[in-house]
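What follows is one structure encoded as structure tokens, with my remarks underneath.
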Amino acid sequence: MEKKDFEAWLDNISITFLSLTDLQKNETLDHLISLSGAVQLRHLSNNLEILLKRDFLKLLPLELSFYLLKWLDPHTLLTCCLVSKQWNKVISACTEVWQTACKNLGWQIDDSVQDPLHWKKVYLKAILRMKQLKDHEAFETSSLIGHSARVYALYYKDGLLCTGSDDLSAKLWDVSTACWEWSSGAKTQHFRGHTGAVFSVDYNDELDVLVSGSADFTVKVWALSTGTCLNTLTGHTEWVTKVVLQKCKVKSLMHSPGDYILLSADKYEIKIWPIGREINCKCLKTLSVSEDRSISLQPRLHFDGKYIVCSSALGLYQWDFASYDIVRVIKTPDFSNVSLLGFGEIFALLFDNRYLYIMDLRTEELISRWPLPEYRKSKRGSSFLAGEMSWLNGLNGQNDTGLVFATSMPDHSIHLVLWKEHG
């Protein structure tokens, strides 16, 4: 048959075929297959595989492929990466999908990273760390030995842990390597004036101010450079177990962004004081969780310039610093013995007599715990502390290292909980 005649015949057959029902089309194909030889059957086999197994990710525009991939969960996407090199390349480059997956795990997102393959790698690292937390395998422990008497005070900053002991020494420790003793160091300043034990101090170099809270129910404001007492703040009726000096980040009728604020806490109340050029300040506000003092506060306090958070016998209370209103109360089972160590945008670090806990603040669920030994108890909260806390605002693959928690032990050693290196 001539080519021209064949094409005309094929057009007529195609028109007739399209007019048939599905059953008639199937019968027609069965009849044609029965008339086909080896060459035709081989041709049919090769083309059917291409028609039935179309690679839609390869055929679709990249933007449309990314849109479809957004509807799949990360676990399914990882499975899809195994289909072919092309699928793995396209799926790995879908930045928005992997960024969202990382955010859902409590991971910080740096939008300045331009590498399209970066966020899948970050997700794989994140999912491993979150699995370690869930399986209670994210931490490891260590001990610092060197004091010969009770360790009653701890302070941590920039990878160094400072401890004060009844053996009349203060020691500065690198939590991963060695320690240095300060017994021969020159005393830089002496602040004398409280008539009771000092439970908490904070300072600011810019203001040249140090503040201290004491068992004499007062808060004292000192000149950091000279050691002179500038003011004594009164009003507490219990031991002042915590003072925090922080710059305000919100505006209200009583303060503006950039103002320095002093918070002092006792067993029942949190007092807010302005600290700036005017040293002789008066209390701006007193916060409590019960007017009749039936609910006591734990000696732990968090203030980031926007929110005040404190643990109590009933749970975690969060105040909005602009309005002083309680905006959130977080309760969990058996919360009466749980204390606050750190509070961030994503996670909170808590502990009780037996465990260290991590709470996901988005769900208010405890996602991990770590066993603690029989550590030395302190009503004033000075025998334990949190280490690095930037990860509480979201993990990023670099901030889950170093010290998590430290506490003094009955044998005068210091027990450390550290992040375990990524597996």
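Okay, so the sequence shown: first residue is 2 according to my numbering, each after it adds one. Backbone N, C-alpha and C fix where the C-beta goes; we use that ideal spot for every residue, glycine too.
For a cut-off of 8 Å, the C-beta gap from Trp223 to Val244 is around 12 Å, too long to register as a contact.
For Ser15, the enclosing alpha helix (DSSP H) begins and ends at 4-19. The alpha-carbon of Ala94 is positioned some 40 Å away from that of Val310. Rounded to whole angstroms, Thr164 and Asp175 show a C-alpha spacing of 11 Å.
Taken in chain order, the unbroken stretches of beta strand (DSSP E) that lie wholly in the stretch 343-413 and span 3 residues or more are 348-352, 356-361, 366-372, 385-387, 404-409.
As far as DSSP is concerned, Asp305 takes part in no beta bridge. DSSP, reduced to helix, strand and coil, places Glu207 outside both helices and strands of the structure shown, so it counts as coil. Taking a contact to require three or more Cβ pairs closer than 8 Å, the stretch 224-238 and the stretch 261-274 qualify as touching. Inter-segment contact for the stretch 405-413 and the stretch 146-161 is present: three or more beta-carbon pairs are separated by less than 8 Å.
Counting only the Cα atoms, Glu3 lies some 30 Å from Thr22. The C-beta distance from Lys59 to Gln87 rounds to 6 Å, short enough to fall under 8 Å. Rounded to the nearest angstrom, the gap between the Cα atoms of Ala323 and Cys282 is 19 Å. As computed with DSSP, Cys163 is found in a beta bridge with Tyr156, Leu173.
By the 16-neighbour rule on beta-carbons within 10 angstroms, Val330 is exposed. Residue state for Ile92 is assigned as helix, using DSSP reduced to three classes. For the 8 Å CB-CB criterion, Leu419 and Ser143 form a contact. CA-CA distance, Leu134 to Asp305, rounds to 25 Å. Here Leu373 is not near Leu145, since their CB atoms are 8 Å or more apart. For Thr29, the closest of Leu42, Ala39, Ile14, Val40 by C-alpha to C-alpha distance is Ile14. Here the alpha carbon of Val40 sits roughly 29 Å from the alpha carbon of Phe57. When secondary structure is reduced to three states using DSSP, Cys230 falls in the strand class. Of the candidates Ser35, Val84, Pro75, the residue whose Cα lies closest to the Cα of Arg55 is Val84.
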